[in-house]
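Novice:
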Amino acid sequence: MSIFKNLVELVSVLFDRDKANIQMIVFQEDVYPHVDIYERKLVLPSNMITQTLQADMIRILMHEFGHMLTWNETDFVKSDNCAADRYHSIPFEECYNDDSYMTLFYEAFWKDYDEQWLQTGYGTIEERLAFYEDHKDSFVSTYATVHPYEDIAETFSHFMLTPYNDNPQTVPERKVNFFYQFPELVAHRAFVLKELKDRKDEMLSFY
Numbered sequence: 001m002s003i004f005k006n007l008v009e010l011v012s013v014l015f016d017r018d019k020a021n022i023q024m025i026v027f028q029e030d031v032y033p034h035v036d037i038y039e040r041k042l043v044l045p046s047n048m049i050t051q052t053l054q055a056d057m058i059r060i061l062m063h064e065f066g067h068m069l070t071w072n073e074t075d076f077v078k079s080d081n082c083a084a085d086r087y088h089s090i091p092f093e094e095c096y097n098d099d100s101y102m103t104l105f106y107e108a109f110w111k112d113y114d115e116q117w118l119q120t121g122y123g124t125i126e127e128r129l130a131f132y133e134d135h136k137d138s139f140v141s142t143y144a145t146v147h148p149y150e151d152i153a154e155t156f157s158h159f160m161l162t163p164y165n166d167n168p169q170t171v172p173e174r175k176v177n178f179f180y181q182f183p184e185l186v187a188h189r190a191f192v193l194k195e196l197k198d199r200k201d202e203m204l205s206f207y
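Numbering (UniProt numbering), first residue to last: 1 to 207.
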């Protein structure tokens, strides 16, 4: 039980509740780690906890916090009609505000992609692989190509956990540096890194 207790304590420290406001952590069997932003719930796999999370625990938590931070009900309105310069998630009927992280990320990195890549993903594995092969130099990971929501969450985890690059040359590097324009995120990054450093001895099982 100690690993579950430690996980709950770690989430309570690393997740900024003013921004993400997680209401509950649920352990379930046979699930991938994910968040439900509408119920403000973080779901972690109870039966795969050591295999799935031991090596990548911090990165996974930062990815899911990235979802809570950027896929946030305070940043969008429900609508099936949206201005062209805003990010619009058609399947969820979510139209993002002008100053939301999602709209600003979309404007900087996604607006030139065809509409089909902005929404439900790609119809087949072959199409996904083809999209990745055509654009892999623009993403921090393979998984980031799945959807703009995954791209921003994956990139956010890199922002939180990799050193600052003061001379970005590639699209992935510019994506990571995107978050440095927000003082509140820079401050939270500094807080998280200090907490991780201070807690390293007690979290060795997560590395």
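Here a beta-carbon is modelled for each residue, glycine too, at the ideal position from N, C-alpha and C.
(1) Evaluate residue 90 with the Cβ neighbour count: other Cβ atoms within 10 Å of its Cβ, from every protein chain shown; 16 or more gives buried, anything less gives exposed.
(2) Leaving out five residues before and five after residue 44 in sequence, what residues of the same chain have Cβ atoms less than 6 Å from its Cβ?
(3) Apart from the five residues on each side of it in sequence, which residues of its chain come closer than 7 Å, Cβ to Cβ, to residue 161?
(4) Have a look at 70, 130 and 166 and flag the residue whose alpha-carbon is nearest the alpha-carbon of residue 150.
(5) Taking DSSP's pairing of strands, which residues face residue 64 in a bridge?
(6) Here's a check: name, in chain order, each residue in its chain whose Cβ is nearer than 7 Å to the Cβ of residue 179, leaving out the five neighbours to either side.
(7) Any idea if residue 207 is buried or exposed, counting beta-carbon neighbours within 10 angstroms, 16 or more meaning buried?
(8) From the DSSP output, in three-state form, read off residue 89 for me.
(9) Less than 6 Å between C-beta atoms, sequence neighbours within five positions excluded: which residues of the same chain meet that for residue 141?
(10) Got a sec? Which residues, its chain only, sit under 6 Å from residue 144 by beta carbon, not counting five neighbours each side?
(11) Return helix, strand or coil for residue 34, following the three-state DSSP convention.
(12) Measure from the alpha carbon of residue 213 to the alpha carbon of each residue in 85, 92 and 72, then state which is nearest.
(13) Taking only the alpha-carbon atoms, compute the straight-line gap between residue 79 and residue 95 and give it to the nearest angstrom.
(14) Report yes or no: do three or more beta-carbon pairs, one from the segment 181-195 and one from the segment 10-17, lie closer than 8 Å?
(15) Could you say which of 182, 21 and 124 lies nearest to residue 39 if we only look at CA atoms?
(16) On the CB-based measure, 16 or more other CB atoms within 10 Å of its CB, does residue 100 come out buried or exposed?
(17) Among 88, 23 and 7, which one has its Cα closest to the Cα of residue 56?
(18) Which residues mark the beginning and the end of the alpha helix (DSSP H) in which residue 45 is found?
(19) Rounding to the nearest angstrom, what Cα-Cα distance links residue 35 and residue 148 in this structure?
(20) How about residue 25 and residue 67: are their beta carbons less than 8 Å apart?
Specialist: Per the coordinate set shown:
(1) By the neighbour-count rule (16 or more Cβ atoms within 10 Å), residue 90 is not buried but exposed.
(2) 27 and 33
(3) 58, 59 and 62
(4) 70
(5) None; residue 64 has no bridge partner.
(6) So the list reads 156, 159 and 185, once near-sequence residues are dropped.
(7) Any reading at residue 207 needs caution, since the residue's pLDDT is 43, under 50, leaving its predicted position unreliable; the model's value is listed next. Its Cβ having fewer than 16 others within 10 Å, residue 207 is exposed.
(8) In this structure, residue 89 counts as strand in the three-state DSSP scheme.
(9) 154
(10) 150, 151 and 154, listed in sequence order.
(11) strand
(12) Outside the modelled stretch of the chain, which goes from 1 to 207, sits residue 213, for which no answer is possible.
(13) Distance from the CA of residue 79 to the CA of residue 95, rounded to the nearest whole angstrom, comes to 6 Å.
(14) yes
(15) Looking from the CA of residue 39, the closest CA among 182, 21 and 124 belongs to 21.
(16) buried
(17) 7
(18) For residue 45, there is no enclosing alpha helix (DSSP H); the residue is found in the beta strand (DSSP E) stretching over 41-45.
(19) 16 Å
(20) Result no, Cβ atoms of residue 25 and residue 67 do not sit closer than 8 Å.
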